[in-house]
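Single-structure report; data block below.
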Amino acid sequence: MIDWKSLEVYGVGREQKRAWLLRELNSLTLHHQANCSAYANLLAGQNLSAGNSETLEGLPYVTTRLFKMLHLSSIPSRELFKTLTSSGTTSQVKSQIVLDRETAALQSKVLVSILSSFTGAARRPMLIIDHNGLDGDKSGFSARGAGVQGLSFLGRDHTYALNSDMTPDWQAIDGFIEKYANEPVLIFGFTFMVWQHFIQHLHASNRLNQLPQALMFHSGGWKKLQDQAVSNDVFKTTARQALGENVAIHNFYGMVEQIGTVFVECERGHLHAPIYADVIIRDQLTLEALGSGETGLLQVLSFIPKSYPGHSILTEDLGRLLGEDDCPCGRKGRYFEVLGRLPKSEVRGCSDVL
Amino acid sequence: MSCSIKLWAGNSEFLKLPRTVGGAFSGDRVQFLETLSKKLLSGDYSATLKALGFWLRASHIRQWQLSHTSDKKVLRTPIGRVFIVSPSNVEGLFAYSWALSYLMGNQTVVRVSENLTRDQRDLFKLMAILDEHTGGLREQSFISYDKISDWTQKLSAWCQLRMLWGSDQSIESIRQTMLPAQSQEWVFPDRYSISILHLNSANAHKVPKIAEGFARDVTTFQQRACASPKWVFWYKTDKALQQLFWQSVDCLVEGGFSKNDQLVASQYLCSMGSYEIYRGNIHVLDSPVIQGAYQHLTGVVGQSQVGVIEEIVEMLPNNLQSISIAGVTEQEQALLAMHSNVRQFVQCGEALTFNRLWDGIDLTDILSKAVRL
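This is the structure we're talking about:
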């Protein structure tokens, strides 16, 4: 088998990528069938065969909500390293993702491999738009904490921009700006927090053009910003006013069920599948795979998940495939956009005016 | 930190109301409900609201009244102040429990979710108009408030009866709020419902009608109501009749469910060991035992085959509510009732018809005092 490290993140064309990824994913299906009884039952109950799919579209998939309803694990409990939970809103049940050391390590390495193709190999001074103290204990590691920890491998001199009450820590921010105003730096935070607790405050305090050589990654969903009618374009324009007009800003799409293989937005505003992962768009009614330009449910594939059966997941996000191997940015692989959530994706029982 | 409340109909000054005076079934309250019923039945309202109108018809109310006034040695008087928290999955449910509380002479505060459905808006609008003409709601309030406010606390201190409809989680959460020793509480938590079908040559001709009723029970409220059947026990029934039944149901539930919700439900049941035997407008899964009785699954029905009723008894979950039946004798029902937590037997198609005997309780009894004379 070809080692993943020898593959270029965005340099492999369709046929070669499909052949490599399909082999990885077929073998993961077999692995989880043998090691996770609930997954084996799921395949048997739906009359799905394992390990012999001839296309990515033919691979079995697990609905994302199942991770909230069941403890899906393919490792013996003695190998449990940590459990990730989705950040989820308060009333929702959270996903539980179990990791062994091998899977956790692979997540970090792959994430660094993908993101460093944007930042370059050198570690940059890093401003984290969050507060210090997200670590908690390993049994309930949040997606936010995991995200910050994962990206911190790309940076040095990690500086937290917020106080624990989410107000800006101006001493830390101004110190960072003073020190690194003329250097390439890295900024990372969750989309809403970057907007609400950082960019807005830079504007309000008239701190403009502060870090002109910055590269910013942000992730974590657009719902709250859409409620405020803030589009990706508005986000970028406003952020560039505060930081510098040439600042690179990359949103990425990822989820706690597949940490590591993130889909990063390129300079043309398209989310890209790296070699290690892929997306399939499925019709909401028939679940048939759709072609470019059509809107449907996003299925995400990743070669990472070994400790839990999450290598092929049908999400409740809606998206549209935009093309493959031909984005004007030059990156190969599928590129797409996310169009929000399936409405009312959480079924609730005899509930709740709470 | 009293955050503001939203008042949808009735009186906003409910905390200041003097003690209510009067008995159950007072003339003006009966009249108010009768008018409401007539307006709902004659106006441009949804089928759900028309069903409420039909339920509140004058002859129906008179039946209840008769059953309560037959004993001359007992006088029915109100409990006093009633606080009802209603669920959002069955959005019209609050109207039924409120109407009974109203009829029994109580002051009632009903909390509904602030995201009103169209039906709720229509109903509140109509009630507000009737109130303007009659003053019938001067001791009633329909409100919404934020869960982080202290209104649950205030209303729990105010009421003499707290009635909670909702998920186990929300009921447990509200129960953290202290209720005074002199007050009572009734809760209606998550429940699970099933169907037992005994089809044979004697009732085979009724299969289309039974299927139609069953389809109505599963599609109303997208199978989210406590009384919606989730599992079918085939009791001594030939496979060909089962197939005929599912085919008939499938035609009647087209577009009734979100495909994604169905897939989630199917995958959940499969992971527990069920086998998907049919995937159409409805998904049917086969397993020797009930699975997923404590999950909120929609668009799927499980099935098991049984040869004797006693086999079913052993599998019934503690949160069982309704059993919709076809071809099950009264003796068999009695056996099931004595060995399980079942609250009602209904014919297919009537599982969601509200009854004042609900969840094993006579609501008019608990919403009033029986005063011995």
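Protein chains in written order, with the working numbering: chain A, 1 to 354; chain B, 1001 to 1373. Backbone N, C-alpha and C fix where the C-beta goes; we use that ideal spot for every residue, glycine too. Model, not experiment: these values are computed from the prediction.
Chain B residues whose Cβ lies nearer than 7 angstroms to that of residue i
i: A:E316; result: N1260
i: A:L285; result: K1259
i: A:L342; result: N1260
i: A:A38; result: S1271
Closer than 7 angstroms at the beta carbon, the chain A residues around residue i
i: B:V1264; result: T63, R65 and L66
i: B:Q1295; result: M69
Per-residue contacts from residue i into chain A (C-beta, under 8 angstroms)
i: B:G1273; result: N41 and G45
i: B:Y1268; result: L66, M69 and L70
Residue span of the beta strand (DSSP E) that contains residue i, given as start and end
i: B:V1284; result: H1283 to D1286
i: B:I1148; result: Premise fails: B:I1148 is in no beta strand (DSSP E) and is neither H nor E.
i: A:A122; result: Looking at the DSSP string, A:A122 is not in any beta strand (DSSP E), and its letter there is neither H nor E.
i: B:P1229; result: P1229 to Y1235
i: B:G1080; result: That residue, B:G1080, is in no beta strand (DSSP E); it is neither H nor E in DSSP.
i: A:T315; result: S312 to E324
i: B:N1200; result: Premise fails: B:N1200 is in no beta strand (DSSP E) and is neither H nor E.
i: A:K223; result: Where A:K223 is concerned, there is no enclosing beta strand (DSSP E), although the alpha helix (DSSP H) it sits in stretches over K223 to D227.
i: A:G340; result: R334 to R341
i: B:D1028; result: No beta strand (DSSP E) contains B:D1028, which is instead part of the alpha helix (DSSP H) from G1027 to S1042.
i: A:H131; result: That residue, A:H131, is in no beta strand (DSSP E); it is neither H nor E in DSSP.
i: A:Q299; result: T295 to S302
i: A:F401; result: The structure shown does not extend to residue 401 of chain A, since chain A is modelled only from 1 to 354, so the question has no answer here.
Beta-carbon spacing of residue i, residue j below 8 angstroms
i: B:A1024; j: B:T1077; result: yes
i: A:T295; j: A:L322; result: no
i: A:V194; j: A:L127; result: no
i: B:D1190; j: B:D1168; result: yes
i: A:G221; j: A:H272; result: no
i: B:S1193; j: B:A1227; result: yes
i: A:V338; j: A:L298; result: yes
i: B:E1114; j: B:S1144; result: yes
i: B:L1244; j: B:V1301; result: no
i: A:A44; j: A:T29; result: no
i: A:F81; j: A:V112; result: no
i: A:R123; j: A:R78; result: no
i: A:N26; j: A:S6; result: no
i: B:A1095; j: B:L1123; result: yes
i: B:T1298; j: B:R1224; result: yes
i: A:L243; j: A:R282; result: no
8 angstroms contact criterion, which residue i and residue j should meet: CB distance rounded
i: B:I1084; j: B:W1098; result: 6 angstroms
i: A:E265; j: A:G310; result: About 23 angstroms separates the two Cβ atoms, so there is no contact after all.
i: A:Y308; j: A:S86; result: With 8 angstroms as the limit, A:Y308 and A:S86 do not qualify as a contact, their Cβ atoms being about 13 angstroms apart.
i: A:I187; j: A:A204; result: The Cβ separation is near 18 angstroms, so there is no contact.
i: A:I129; j: A:A161; result: 5 angstroms
i: B:L1357; j: B:V1342; result: Their Cβ separation, rounded to whole angstroms, is 13 angstroms, which puts B:L1357 and B:V1342 out of contact at 8 angstroms.
i: B:A1351; j: B:P1229; result: 6 angstroms
i: B:L1199; j: B:G1327; result: 6 angstroms
i: A:C329; j: A:E267; result: 5 angstroms
i: A:Q284; j: B:K1259; result: 6 angstroms
i: B:M1272; j: B:Q1303; result: Not a contact, Cβ separation roughly 14 angstroms.
i: A:G254; j: A:V262; result: 4 angstroms
First and last residue of the uninterrupted alpha helix (DSSP H) at residue i
i: A:G150; result: A143 to S152
i: B:E1132; result: R1118 to T1134
i: B:H1060; result: A1058 to T1069
i: B:L1100; result: L1093 to L1103
i: A:Y160; result: Run containing A:Y160: none in the alpha helix (DSSP H); it sits in the beta strand (DSSP E), G155 to Y160.
i: B:W1008; result: Here B:W1008 belongs to no alpha helix (DSSP H); instead the beta strand (DSSP E) covers K1006 to G1010.
i: B:G1299; result: No alpha helix (DSSP H) contains B:G1299, which DSSP labels as neither H nor E.
i: B:A1351; result: Note, B:A1351: premise wrong, no alpha helix (DSSP H); not H, not E.
i: A:A181; result: Counting along the chain, A:A181 falls outside any alpha helix (DSSP H), and DSSP gives it neither H nor E.
Within chain A, partners of residue i - CB distance below 9 angstroms
i: B:E1276; result: G45, Q46 and N47
Contacts of residue i in chain B (Cβ-Cβ under 8 angstroms)
i: A:L297; result: N1260
Inset, instruction - Would you mind listing the alpha helix (DSSP H) stretches within the region 46 to 88 of chain A that are 4+ residues and don't spill past its ends, in chain order? - result: 66 to 69
Legend entry - Ranges of the beta strand (DSSP E) found wholly within the region 1239 to 1289 of chain B, counting only runs of at least 3: 1275 to 1279 and 1283 to 1286
Inset, instruction - With a floor of 3 residues, list each beta strand (DSSP E) that falls wholly inside the region 217 to 284 of chain A, ordered by position along the chain. - result: List check, beta strand (DSSP E) in window: 248 to 253, 263 to 265 and 277 to 282.
Legend entry - Length-filtered (3 minimum) beta strand (DSSP E) runs lying within the region 1155 to 1209 of chain B: 1161 to 1165, 1184 to 1188 and 1192 to 1197
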